[in-house]
Each structure stands twice: as C-alpha cells, then as structure tokens.
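Structure record follows, encoded as structure tokens.
Protein chains: 2
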Amino acid sequence: MTTAPYRATERTVPTRSAERASYNRELVHAILDDAYLCHLGFIRDGAPVVLPTLYARVGTRLYVHGSTGSRPLRGAKDPGLAVCLTVTHLDGIVLARSAFHHSINYRSVVVHGTAREVTDPAERAEALDTIVDHIVPGRADDSRRANAKELAATAVVRLDLDEVSAKVRTGGPNDDPEDLALPYWSGVLPVTRSYGTPIPADDLTPSTPLPGYLSAH
Amino acid sequence: MTTAPYRATERTVPTRSAERASYNRELVHAILDDAYLCHLGFIRDGAPVVLPTLYARVGTRLYVHGSTGSRPLRGAKDPGLAVCLTVTHLDGIVLARSAFHHSINYRSVVVHGTAREVTDPAERAEALDTIVDHIVPGRADDSRRANAKELAATAVVRLDLDEVSAKVRTGGPNDDPEDLALPYWSGVLPVTRSYGTPIPADDLTPSTPLPGYLSAH
C-alpha cells in the first residue's frame, strides 16, 4: 500500500489559503473516515446540483449508494458521471477582534473524478456492508442483509481517490497586530458532533438489548 | 411579506422520496437559519465543483462572502454564476432490522439559482454583519468592523431564494412487516451539534470578559 501523497493538479490546488491544502494520504483518509455524510456535486441539464448523501471508503475507493431510480446514480452508468464529492467537518468558530478575520476551523476533503456504477456482485456487497459499518461499526453483521429484490433496487457507485485534496484550518484567530489591544474577546468556540441516547423503534420487541456498538456512544 | 410556498419546478421536485419534499417558506427558512455552513456547487472548466462556505439569510436572499480572489466569487461578477447551494442537518442515524432500510434523519435545503456579486455598499455592509451575527448572534456589534482595505478585499455574493426546496426525514425505521420479529435492535441514534468551552486566544488581554453570547453556549 503506497503512502505517497496524492498528486496535486490544477483543480486541487486552491487559489486561496493554499498553505492549508494537503495531499497527504493519511490525512485525506482520516478526514474521510471521520464523516459519513458528503455533498455530491454533478451537472444536470447544464446546471450544478449538490445533494447530501452517505458514503464510505475502502482503500482508495469511495462508495455511494442509493436507489436505482435516483438521477445521479442513473447518470453513473457507463461511461460514468463527472462529480465533485466534498466532506467538511466544522471544528470551531474563530472569533477575531476584527470582523474580517473571523473564520472557522474545519477539515475538508474535495474529490474530483468520475463516478461509475458498480456491477460486480461481490464489490457491491462489500460496499453496502462498508457503508453501514462506516456509520455504525459492527452493524452490518447485526442486521438482515439485503435480499435479491433489495439488491436489484440499489445502485452502488464508486469514485476512485486520485484527484483529491484536504484543507485544514486549526488554531486561534489571526488578528492584525494593531487590533490586539481592542477590547473584544477573541478565541475559538469549539464545535463537535454529539450522539444522544438511542431511541428504540415503537415496534421494537421490548426484550431486545441495546447493542454494544450503540451503548458506546 | 408573503407566506406562500416557494414554487415547485422540474428540478426542485425530487425523483426519490418526493413525499419528503416541501416548498413551505417557513420550513425552508428555519432549516437555513439553523445552519451557517453550506456546500456551494458550481461549474468550472466544464466540471462540477463543491466547496464549503459560510452563508446567512436576509429575507429571501442568501449571502455568501469570501476573498475577491476566490474563483467562484470572481465568477459571480455580472452576469452571475449558476450555482446550487445545499444545507444539510444530520439529525439521526436510523437503524432498521434490514440493512436496506437503514437511513438518516435529516433536514436539507437545496437552492438553485444565479449567484451575483453585490456592489452596493449598504447591502454589502448589511450582508457582512448578518453573516457574522448569523453564526454568533450579537458578535457584529462586538468586533471591529471591516475597514476600507478589508472591504475592498471582500467579495459578497447574493443568491435569491426562488427555486428552492426542503427535504426532511424524521421518525423511526420503516422495516418491512416480515422483518419486525428479527432479533436486531432498531431505532434512532440522535445526532446533534454541540459547542465546547470557548478557548481564549493566546494573545487575549487576560482581563477580557467572556461575552454573554458565548457563555450561553
């Protein structure tokens, strides 16, 4: 398994804050693995469309799934669909003395490429398990896997990690020196994602225990 | 101020789960107001691009800002840039007995339209204040506002709410009747956004009190 950075291309080198960009493979993968909701952009009838969708990573491949009736997934049939898949973690609100230097701390990954429908049954099955386990580790084995009818209704789409970059901002505000004595509080308000107490389904058999992978939350 | 729903168009009527779509003005506005990070999609050199950015709403106008050097904001100069702006709240992970019926609870808004650079000084100033106050209410008045040089370096872009829709999923899993007796736990794992303890800047004058709008978090 290579550990070389991803290649920088014309469209993965940002015009702004280029010092925040990274092509480091481990960083890209860590940011992707720490989320499961992405925003997928594609072109429909000449106009951009951005839709939220779930995803998971297997090595250098990302998988997205959905109904065979969905427009972007239909569009991913051969020869594929040009997409931009973006994942963003909001980590903090950066309050500077000056309005201008307000910012956010974030970790984002932007993937450019061609999404292609996966037809191989084994790859499809692995991708679907991985999407479930990526969101709730251990859940795929603790659920009824898709039957033939459900599999036939599910499209799996693959996007290879090749033209991909990360961008990260961390740390405190970068106020100008002449603003440091201003009386405004400055610093960072941390933002995190939290999980609440699991809510059983109304029709759950009452004796069903809460699985360990949920009590850990 | 009208309370009529937004108009449904060919591209705002989803092909899937259309029953989750809404054009209700109050719902659309509430979802937009409950977030401040969106994913903005546009077309560059014939390919889709999706970038995270901050935004705020004023009536039926959305504002996005950034450096005058950023590519999408440069592209919003007259006659404007075709964009799709999407906001998604992840509210819960829906665990069904069947892998197929796993889902997420979410609230999303998708806006299609043309982003146009704002040149009017008063509208620009209001938009910049609103973006700051939308993220941290009360902060615009408690910071040094942008000076002429900073204003000259800041592009403000406006996207009118016209072709816009919301999509919402709430509630528990929708398992098939024949799966209800399966032994797998089913229900919803709630997901929320949380704020941590504010972290003062290293160079903050120690006597600076934490403002009330931050201690509320």
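Protein chains in written order, with my numbering: chain A, 1 to 217; chain B, 1 to 217. Built from N, CA and C at the ideal position, the CB exists for glycine as well.
Start and end residues, beta strand (DSSP E) containing residue i
i: A:Lys-77; result: Element bounds for A:Lys-77: n/a, residue is neither H nor E.
i: A:Asp-160; result: 154-160
i: A:His-112; result: 103-117
i: A:Phe-100; result: Here A:Phe-100 belongs to no beta strand (DSSP E), and DSSP marks it neither H nor E.
i: A:Val-64; result: 61-67
i: A:Ser-194; result: 187-195
i: B:Arg-139; result: It is not in any beta strand (DSSP E) - B:Arg-139 carries neither H nor E in the DSSP assignment.
i: A:Ala-166; result: 163-169
i: A:Leu-37; result: 37-44
i: A:Ala-56; result: 47-58
Under 8 Å between C-beta atoms of residue i and residue j
i: A:Ala-99; j: B:Leu-128; result: yes
i: B:Val-28; j: B:Leu-62; result: no
i: B:Ala-35; j: B:Thr-130; result: no
i: B:His-65; j: A:Thr-86; result: no
i: B:Leu-159; j: B:Arg-97; result: no
i: A:Pro-200; j: B:Ala-82; result: no
i: B:Pro-198; j: A:Leu-189; result: yes
i: A:Thr-154; j: A:Ala-146; result: yes
i: B:Ile-104; j: A:Leu-210; result: no
i: A:Tyr-9; j: A:Glu-163; result: Per the sequence shown, the amino acid found at residue 9 of chain A is Thr instead of Tyr. Yes, these two residues count as a Cβ contact at 8 Å.
i: A:Asp-133; j: A:Ala-140; result: yes
i: A:Arg-144; j: B:Asp-142; result: no
i: B:Arg-124; j: B:Val-157; result: no
i: A:Ser-186; j: A:Asp-175; result: yes
i: B:Ser-207; j: A:Ser-194; result: no
i: B:Gly-80; j: A:Gly-41; result: no
Run of the alpha helix (DSSP H) containing residue i, from where it starts to where it stops
i: B:Gly-243; result: A query on residue 243 of chain B cannot be resolved here, the shown segment of chain B reaching from 1 to 217 and no further.
i: A:Glu-26; result: 25-33
i: B:Leu-128; result: 121-135
Interface flag, residue i vs chain B, CB-CB below 8 Å
i: A:Gly-172; result: yes
i: A:Pro-230; result: Outside the displayed range of chain A (1 to 217) lies residue 230 of chain A, so it cannot be described from this structure.
i: A:Asp-142; result: yes
i: A:Ala-82; result: yes
i: A:Thr-230; result: Because chain A is modelled from 1 through 217, residue 230 of chain A falls outside the range shown and cannot be assessed.
i: A:Ala-47; result: yes
i: A:Thr-12; result: no
i: A:Ser-98; result: yes
8 Å Cβ cutoff, residue i in contact with chain A
i: B:Glu-150; result: yes
i: B:Asp-202; result: yes
i: B:Val-109; result: no
i: B:Tyr-55; result: no
i: B:His-65; result: no
i: B:Ile-104; result: yes
i: B:Thr-15; result: yes
i: B:Ala-146; result: yes
i: B:Gly-41; result: yes
i: B:Tyr-195; result: yes
i: B:Ser-70; result: yes
i: B:Thr-88; result: yes
i: B:Arg-139; result: yes
Alpha carbon of residue i to alpha carbon of residue j, nearest angstrom
i: A:Leu-32; j: A:Arg-169; result: 16 Å
i: A:Gly-92; j: B:Ala-148; result: 28 Å
i: B:Val-18; j: A:Ser-70; result: The residue asked about is misnamed: residue 18 of chain B is Ala in this sequence, not Val. So the two alpha carbons sit approximately 11 Å from each other.
i: A:Tyr-213; j: A:Pro-137; result: 7 Å
i: A:Ala-152; j: B:Tyr-184; result: 23 Å
i: B:Asp-202; j: A:Asp-202; result: 50 Å
i: B:Ala-4; j: B:Glu-26; result: 9 Å
i: B:Arg-20; j: B:Leu-51; result: 26 Å
i: B:Ile-135; j: B:Val-94; result: 29 Å
i: A:Thr-12; j: B:Thr-2; result: 43 Å
i: B:Asp-242; j: B:Thr-60; result: Here chain B covers residues 1 to 217 and nothing more, so residue 242 of chain B does not appear.
i: A:Gly-172; j: A:Gly-46; result: 41 Å
i: B:Tyr-6; j: A:Tyr-23; result: 42 Å
i: B:Thr-68; j: A:Val-191; result: 28 Å
i: B:Pro-14; j: B:Val-109; result: 12 Å
i: A:His-102; j: A:His-89; result: 17 Å
i: A:Cys-84; j: B:Cys-84; result: 13 Å
i: A:Arg-107; j: A:Arg-16; result: 15 Å
i: A:Ser-215; j: B:Ala-30; result: 32 Å
i: A:Arg-44; j: B:Glu-150; result: 37 Å
i: B:Val-58; j: B:Leu-161; result: 10 Å
i: A:Gly-196; j: B:Gly-196; result: 16 Å
Contact test: residue i Cβ vs the ligand HEM heavy atom, cutoff 7 Å
i: B:Ala-4; result: In the structure shown, the ligand HEM is absent, as is every other ligand, since no ligand is present at all.
Would you check if there are 3 or more beta carbon pairs closer than 8 Å linking the region 61-77 of chain A to the region 111-124 of chain A?
Yes, the region 61-77 of chain A touches the region 111-124 of chain A.
Short of 8 Å Cβ to Cβ, which residues in the region 160-189 of chain B face chain D?
No chain D is part of this structure, whose protein chains are labelled A and B.
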